[in-house]
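Enquirer: As they're listed, the protein sequences go chains A and B. The letter at position 287 of the first sequence is residue 287 when you use the numbering used here, and the numbering goes up by one with no holes. If you count the second sequence from 1, you need to add 397 to reach the numbering used here. I have a structure here, written as structure tokens, and I will follow up with some questions on it.
2 protein chains.
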Amino acid sequence: MVTRVPVARPDAIRRHNLGLLLGQVHRHGELTRAELTQRLHLSRSTTGALVAELTERGLLDERVPSGGQRAGRPSHVVGPRRDGPYAVAVDVDITHITTAAVGIGGHVLARHVVTTADGPCRPEAAAAFVVQASEALSAQIDPGAWPVGMGVSVPGTVTRHTGMVEFAPNLNWRHESFGDMLSAVAPRGLPVTIGNDADLAVLAEHLRGNARDCTDVIYLMGRIGVGAGIIVDGRPLHGHEGHAGEVGHNVVDASGPLCHCGKRGCVETYIGDSALLTLAGREALPTPENVAAVFADAAAGDQRAAAAVRSVAAALGRTVASLVNVLDPQRVLLGGSLGGVLDFAKDDIAATLEAYSMSATRQSVHLEAPGLGDDSSLLGAAELAFADLLVDPVGSH
Amino acid sequence: MVTRVPVARPDAIRRHNLGLLLGQVHRHGELTRAELTQRLHLSRSTTGALVAELTERGLLDERVPSGGQRAGRPSHVVGPRRDGPYAVAVDVDITHITTAAVGIGGHVLARHVVTTADGPCRPEAAAAFVVQASEALSAQIDPGAWPVGMGVSVPGTVTRHTGMVEFAPNLNWRHESFGDMLSAVAPRGLPVTIGNDADLAVLAEHLRGNARDCTDVIYLMGRIGVGAGIIVDGRPLHGHEGHAGEVGHNVVDASGPLCHCGKRGCVETYIGDSALLTLAGREALPTPENVAAVFADAAAGDQRAAAAVRSVAAALGRTVASLVNVLDPQRVLLGGSLGGVLDFAKDDIAATLEAYSMSATRQSVHLEAPGLGDDSSLLGAAELAFADLLVDPVGSH
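And the structure:
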């Protein structure tokens with residue numbers, strides 16, 4: 001018979017410091033003990049004790065760096081470990097569902113993509129795909145690694161505390177309790193947290209992407225739908241019910257093209273993937289591949305494709321201008337297909353941004369592509385899964 | 398010869414608590430010692446000492462309440478005093494400049510209004526008006542009262558830390574160092590702080606008006622121009638350079654009416670005072686009186702006036718919808734002339750708000766008039782002047 005000796009509840013300060021130290025490695029990657037000591041304003045011995053505890057608990061690894069022989073005793077390097085904790089991160093998009101194992105530091109250890117070829121799938125089917133994928137992933141990574149939670153990105157409005165997807169028009173989901181569905185089937189009783197794709201994208205870009213040094217940022221995500229993730233004064237703007245950033249159905253012109261939402265002239269009808277394909281004269285499904293083909297053809301000299309991208313760029317500049325006037329950010333990241341528009345037609349975006357924004361608000365704004373490419377939402381979802389562990393590495397598992 | 402004995406620098410905690418206590422009275426009005434003790438989580442004796450110090454320094458008054466005889470020893474009531482500190486609050490509007498002495502608690506002790514009959518005046522003239530008015534005010538209030546600062550509301554984009562008015566289109570001011578102008582002539586070397594009218598309005602409404610219990614609020618101010626003051630998660634949304642909320646020149650329809658800014662179809666061309674007058678068929682200057690006449694005539698049954706107000710209401714609902722989609726607030730306050738539109742045509746606003754906002758974001762939003770009426774910006778300006786005093790009542794004067 002094994003006797004379990006009750007462990008005394010560790011003191012709050014130590015647990016807080018364990019979280020800070022783990023968070024430093026999560027944010028900045030491998031760090032020496034000396035760097036950690038300096039960043040945390042702790043004594044060398046306290047840092048040493050914290051590192052020892054995190055190593056013992058299997059959360060971090062400590063090793064003497066190989067290679068470059070420097071004079072004196074080499075400082076140990078503290079970093080993530082292969083058999084450590086990982087997040088099950090999920091990005092539910094219209095045409096495919098990506099599930100990934102993401103380790104401390106935001107490293108994608110393995111990923112699994114399902115293409116939902118016949119159009120968007122129902123939430124029950126999506127949940128089944130995710131469970132299947134997370135089982136497959138666990139076979140691909142170090143057998144000692146263990147999942148700490150599941151974070152899920154959805155292209156729609158989400159009420160985070162209930163896990164309810166209120167409205168995801170391009171998935172055709174309305175008031176779906178996707179969080180509960182996933183919780184019911186998640187392996188090993190993993191806690192599940194759901195967020196909006198653009199909200200999660202800006203979170204990840206602020207942590208480790210192209211908004212690292214910014215306090216006021218907009219991530220405008222354009223795929224089939226369009227949404228914004230917003231950071232104000234260094235903090236996420238969620239809104240009262242967590243539904244902020246729903247810019248895709250703001251009406252640009254009440255006599256504009258009919259939108260699937262029933263209104264006319266929504267932002268999506270000008271800068272969404274379907275608009276781009278229509279402008280390019282293509283009767284193709286708005287898959288990432290078909291959209292990428294328009295950008296490739298535009299770059300190769302196809303006049304109609306080029307004109308389509310430039311038309312989207314002009315409308316995009318105007319959309320950004322309206323957001324800039326309201327929010328006065330220092331940076332706007334253009335993600336999803338909008339990154340392709342930025343690549344090909346930055347000047348066209350800049351021209352309408354200049355024409356449609358107030359001089360005071362446009363002075364300091366910069367347009368950029370996301371630093372994490374197409375993985376912003378996925379890595380933001382991983383952050384949802386890691387959140388509890390980083391607050392209290394001892395208590396949460 | 399008077400010998401000044403240097404006073405020992407009071408300790409930080411006491412000063413902090415003095416600020417908190419003064420802030421309680423400022424926010425909630427007269428309070429008993431018992432209420433203050435409870436609210437501040439302090440001992441009775443500490444509260445007593447703080448009250449004694451604030452009374453001694455002439456910042457608050459303590460008295461035994463008259464009237465209602467209750468059993469036992471009556472609790473002293475702590476409140477503002479007539480010969481206490483006051484803010485010089487200034488609201489620069491297009492057609493008039495209001496200067497007021499505002500006491501602790503947000504009470505307007507006296508006010509002085511100058512009508513700038515021949516159209517908006519230059520900043521130098523405005524500064525001269527303000528100085529003249531503040532001298533006149535000091536003669537109208539208790540001779541023992543003393544000003545702690547000057548706070549100024551301007552209908553334009555303001556860079557607060559430089560006191561620069563970047564652009565106030567309806568005053569025709571561009572890049573005017575209005576803060577420096579006022580500082581140079583302000584009586585008794587009063588510190589001057591400038592803010593945007595809508596930003597200050599939402600500040601005051603959040604402190605003591607109709608947004609007291611809200612964490613996420615938009616104050617949409619519509620007079621000749623249109624701007625928004627925004628509170629997100631309980632904190633003002635200023636933006637990176639302090640220019641957030643400039644919604645008046647967001648374009649609703651690129652082929653709409655010509656705006657004085659050079660673009661077509663700006664929000665102001667649909668819901669500003671000039672739009673209302675034009676729709677009502679009146680070739681009158683957009684003064685508050687002429688605008689009020691349209692509302693009065695609409696209420697009295699004038700069909701054309703009523704149709705004009707309802708047309709503005711419909712456009713207003715759409716403008717609010719776009720902001721609601723992006724910010725997901727719990728309340729939207731409609732100030733300036735928009736309050737008159739709300740009075741007469743709330744259903745028309747609600748109808749387009751319903752049609753143009755996402756279901757998730759509109760569920761919880763309520764439309765209301767400002768609780769402080771036309772004084773929101775003025776009282777917000779007073780808060781700018783009081784800010785230092787409330788942080789450290791001992792150090793700032």
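C-beta: ideal position from N, C-alpha, C; glycine also.
What separation, rounded to the nearest whole angstrom, lies between the Cα atoms of A704 of chain B and L673 of chain B?
Expert: Their backbone Cα atoms lie some 10 Å apart in a straight line.
Enquirer: With DSSP as the reference, please indicate the residues paired to G438 of chain A in a beta bridge.
Expert: Because chain A here runs from 1 to 397, residue 438 of chain A falls outside it and cannot be looked at.
Enquirer: With a cut-off of 8 Å, does the C-beta of S134 of chain A fall near any C-beta of chain B?
Expert: For S134 of chain A, the answer is no, since every Cβ of chain B falls outside 8 Å of its Cβ.
Enquirer: Is the beta carbon of G335 of chain A sitting closer than 8 Å to the one on E268 of chain A?
Expert: Going by C-beta atoms, G335 of chain A is not nearer than 8 Å to E268 of chain A.
Enquirer: Chain A beta carbons: is any one of them nearer than 8 Å to that of K660 of chain B?
Expert: For K660 of chain B, the answer is yes, since a Cβ of chain A falls inside 8 Å of its Cβ.
Enquirer: Have a look at the DSSP bridge pairing and note the partners of H112 of chain A.
Expert: Per DSSP, A:T99.
Enquirer: Enumerated in chain order, which unbroken segments of the beta strand (DSSP E) with a length of 3 residues or greater are wholly contained in the region 289 to 337 of chain A?
Expert: You should have 331 to 336.
Enquirer: What does a CB cutoff of less than 8 Å around G163 of chain A pick up in its chain, not counting 5 residues either side in sequence?
Expert: Counting only Cβ-Cβ distances below 8 Å, and skipping sequence neighbours, we find S177, F178, G179, D180, L182, S183, V192, T193, I194.
Enquirer: DSSP state of T443 of chain B, grouped into three classes?
Expert: Here T443 of chain B sits in helix by DSSP.
Enquirer: Consult DSSP for P520 of chain B and reduce its assignment to one of helix, strand or coil.
Expert: Three-state DSSP puts P520 of chain B in a helix.
Enquirer: Going by the DSSP bridge assignment, what does I218 of chain A pair with across the sheet?
Expert: Its beta-bridge partners are A:I230, A:V332.
Enquirer: Am I right that A779 of chain B and A486 of chain B are in contact with their C-beta atoms under 8 Å? What's the rounded C-beta distance?
Expert: Rounded, the Cβ-Cβ distance is 4 Å, consistent with contact.
Enquirer: Buried or exposed: where does E563 of chain B fall if 16 or more other Cβ atoms within 10 Å of its Cβ makes it buried?
Expert: Under this definition E563 of chain B is a buried residue.
Enquirer: Could you check whether the region 205 to 218 of chain A touches the region 375 to 392 of chain A, counting it as contact only if at least three pairs of C-beta atoms, one from each stretch, sit closer than 8 Å?
Expert: Segments in contact, yes.
Enquirer: Counting Cβ pairs, one atom from each stretch, are 3 or more of them under 8 Å apart for the region 715 to 727 of chain B and the region 228 to 247 of chain A?
Expert: Contact between the region 715 to 727 of chain B and the region 228 to 247 of chain A is present, because at least three Cβ pairs lie under 8 Å.
Enquirer: Who are G79 of chain A's beta bridge partners in DSSP?
Expert: Answer is A:D61, bridged to G79 of chain A.
Enquirer: With H, G and I counted as helix, E and B as strand and the rest as coil, what does DSSP make of D394 of chain B?
Expert: Any property of residue 394 of chain B remains undetermined from this structure, which presents chain B solely from 398 to 794.
Enquirer: Against chain A, with Cβ distances strictly below 8 Å, would L735 of chain B count as a contact?
Expert: Taking Cβ atoms only, chain A never reaches closer than 8 Å to L735 of chain B, which makes this a no.
Enquirer: Measuring only between beta-carbons, confirm whether D725 of chain B sits less than 8 Å from chain A.
Expert: Chain A, which has a Cβ nearer than 8 Å to the Cβ of D725 of chain B, makes this yes.
Enquirer: Nearest-angstrom Cα distance between V148 of chain A and P123 of chain A?
Expert: V148 of chain A and P123 of chain A: Cα-Cα distance of roughly 23 Å.
Enquirer: Using a Cβ distance threshold of 8 Å, determine whether the region 784 to 794 of chain B contacts the region 740 to 748 of chain B, with at least three qualifying pairs required.
Expert: No contact exists between the region 784 to 794 of chain B and the region 740 to 748 of chain B.
Enquirer: Anything in the region 302 to 332 of chain A with a Cβ closer than 8 Å to a Cβ of chain B? List those residues in chain order, please.
Expert: Result list: R318, A321, S322, L323, N325, V326, L327, D328, P329, Q330.
Enquirer: If you count every other CB in all the chains shown that lies within 10 Å of the CB of I143 of chain A, and 16 or more means buried, which is it?
Expert: Checking the sequence shown, residue 143 of chain A turns out to be Pro, not Ile. Result: exposed.
Enquirer: Please confirm whether P683 of chain B and D670 of chain B have their CB atoms less than 8 Å apart.
Expert: In this structure, D670 of chain B lies closer than 8 Å to P683 of chain B by Cβ.
Enquirer: For the beta strand (DSSP E) that contains E176 of chain A, what are its first and last residues?
Expert: E176 of chain A -> beta strand (DSSP E) spans 173 to 176.
Enquirer: How about the region 692 to 701 of chain B and the region 729 to 744 of chain B: do they share at least three Cβ pairs that are nearer than 8 Å?
Expert: Output reads yes: the region 729 to 744 of chain B touches the region 692 to 701 of chain B.
Enquirer: Since L22 of chain A sits in a beta bridge, which residues does DSSP pair it with?
Expert: L22 of chain A is not bridged to any residue.
Enquirer: Between which two residues does the beta strand (DSSP E) containing E166 of chain A stretch?
Expert: Segment 164 to 168, the beta strand (DSSP E) holding E166 of chain A.
Enquirer: Using DSSP with H/G/I as helix, E/B as strand and the rest coil, what is L655 of chain B?
Expert: Looking at L655 of chain B - three-state DSSP - the assignment turns out to be strand.
Enquirer: Return helix, strand or coil for R39 of chain A, following the three-state DSSP convention.
Expert: In this structure, R39 of chain A counts as helix in the three-state DSSP scheme.
Enquirer: Cβ of G48 of chain A within 8 Å of Cβ of P80 of chain A?
Expert: No. Outside cutoff.
Enquirer: Locate the alpha helix (DSSP H) running through E268 of chain A, then write down its first and last residues.
Expert: Counting along the chain, the alpha helix (DSSP H) containing E268 of chain A begins and ends at 268 to 271.
Enquirer: Please list the partners that S359 of chain A has in chain B, where partner means a Cβ-to-Cβ separation under 7 Å.
Expert: Chain B residues near S359 of chain A: F564.
Enquirer: Evaluate contact between the region 707 to 718 of chain B and the region 221 to 241 of chain A, counting only Cβ atoms and requiring at least three cross-stretch pairs below 8 Å.
Expert: Judged by Cβ distances under 8 Å, the region 707 to 718 of chain B makes no contact with the region 221 to 241 of chain A, as fewer than three pairs qualify.
Enquirer: Reducing DSSP to helix, strand and coil, say where R605 of chain B ends up.
Expert: Three-state result, R605 of chain B: helix.
Enquirer: Give every residue of the same chain whose Cβ lies closer than 6 Å to the Cβ of L676 of chain B, excluding the five residues on either side of it in the sequence, and list them in chain order.
Expert: Once the five neighbours on either side are set aside, the close Cβ partners of L676 of chain B are A705, S708.
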